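Here the structure comes first, spelled out in structure tokens, and everything after it is commentary.
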Amino acid sequence: MTMAASSVTTSSILLPLTISSKSPKLCLSFPCKNHTLFPTLRLSVTASAASTPTPTPSPSIQTHKPIPSKTLPFRVGHGFDLHRLEPGYPLIIGGINIPHDRGCEAHSDGDVLLHCVVDAILGALGLPDIGQIFPDNDPKWKGCASSVFVQESVRLMHEAGYEIGNLDATLILQRPKLSPHKDTIKANLSALLGVDSSVVNIKAKTHEKVDSLGENRSIAAHTVVLLMKK
Ligand SMILES: [Zn+2]
170 MTMAASSVTT SSILLPLTIS SKSPKLCLSF PCKNHTLFPT LRLSVTASAA STPTPTPSPS
230 IQTHKPIPSK TLPFRVGHGF DLHRLEPGYP LIIGGINIPH DRGCEAHSDG DVLLHCVVDA
290 ILGALGLPDI GQIFPDNDPK WKGCASSVFV QESVRLMHEA GYEIGNLDAT LILQRPKLSP
350 HKDTIKANLS ALLGVDSSVV NIKAKTHEKV DSLGENRSIA AHTVVLLMKK
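Following this line, the structure appears as structure tokens:
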């Protein structure tokens, strides 16, 4: 379709359009509702009338093309996860089976720490979240141990040319006390990530007995990771 100044696409939008306060407004919003690769960004620009009438923006305008990511020396990512705790399930944290009266009810092993570590790495790489990269309706990933997701996210990280600078995780749960297990969790997570344990930090805190986290009905974790260009 011929536009006033030229065809309008995401990649060419800055070139063919001339700012004019009198011209009709053209709003482009991306990503589309089915595409969450990048944070929603709304551009509001005005198109010049040029020598031909300005057409109505076509609904077929492609607004969700991936934007080439910058090659940054550092990239930071954050991950969060929460699982419900129910009797009759194992409690697995960082790949370690922790003795408790209940565990995570989930399709996978419900490893809240490994899930948020994966999301932090994917986030730093500018990739979609764990549920989109490893959908549980894909036979390839269905029923996989969470360690497989960590190893795959590490592979994606190396493929993108990055390595882990350091990783800091905080687990939130009322019970059981994690202090006796922290070193084991840290060693296992470091091995999964292929890094020295000195760049991995595991913290744990209670939720002061309030809400589901504080009532031993759920467990949550946050992770921040710094990636460095190799
Ligand atoms: Zn999870």
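Residues in the sequence shown are numbered from 170 upward in steps of one, following the numbering used here.
Ideal placement from N, C-alpha and C gives every residue a C-beta, glycine not left out.
These figures come from a predicted structure and were not determined experimentally.
Measure the alpha-carbon distance for residue i versus residue j and round it to whole angstroms.
i, j, result
"S348", "K311", "32 angstroms"
"K398", "L241", "7 angstroms"
"L336", "V369", "5 angstroms"
"A373", "V319", "20 angstroms"
"L396", "R386", "33 angstroms"
"I339", "P308", "Rather than Ile, the amino acid found at residue 339 in this sequence is Thr. Rounded to the nearest angstrom, the two C-alpha atoms are 31 angstroms apart."
"S315", "V287", "9 angstroms"
"I354", "E332", "21 angstroms"
"S381", "G295", "31 angstroms"
"H391", "E384", "19 angstroms"
"I388", "E328", "32 angstroms"
"N305", "C313", "The identity of residue 305 in the sequence shown is Asp, whereas the question assumes Asn. Answer to the nearest angstrom: the Cα atoms are 9 angstroms apart."
"I299", "L291", "7 angstroms"
"H284", "H269", "20 angstroms"
"K346", "L282", "15 angstroms"
"E274", "I267", "15 angstroms"
"G334", "L342", "27 angstroms"
"F243", "G257", "42 angstroms"
"L260", "G246", "26 angstroms"
"V364", "E255", "33 angstroms"
"L249", "G330", "It is Phe, not Leu, that sits at residue 249 in the sequence shown. Whole-angstrom Cα-Cα distance: 24 angstroms."
"I262", "A356", "12 angstroms"
"F207", "I265", "Note that F207 has pLDDT 35, beneath the 50 cutoff, so the model's placement of it is unreliable and no number is given."
"D278", "V317", "11 angstroms"
"E377", "E321", "35 angstroms"
"L195", "R344", "Any reading at L195 is ruled out, since the residue's pLDDT is 32, under 50, leaving its predicted position unreliable."
"I302", "T375", "31 angstroms"
"H350", "R324", "27 angstroms"
"S227", "V394", "Because the pLDDT at S227 is just 48, under 50, the model does not fix this residue reliably, and the point stays unresolved."
How is the beta strand (DSSP E) around residue i delimited, first residue to last?
i, result
"L395", "S387 to K398"
Identify every residue that forms a DSSP beta bridge with residue i.
i, result
"G272", "E255"
"G246", "V394"
"V369", "L336"
"L260", "I267"
"K374", "I341"
Any heavy atom of ligand 1 closer than 7 angstroms to the CB of residue i?
i, result
"D250", "yes"
"H284", "yes"
"A314", "no"
"V281", "yes"
"A275", "yes"
Between which two residues does the alpha helix (DSSP H) holding residue i run?
i, result
"G363", "Premise fails: G363 is in no alpha helix (DSSP H) and is neither H nor E."
"L382", "D380 to G383"
Quick one: complete beta strand (DSSP E) runs, 3+ long, within the segment 275-356?
331-341
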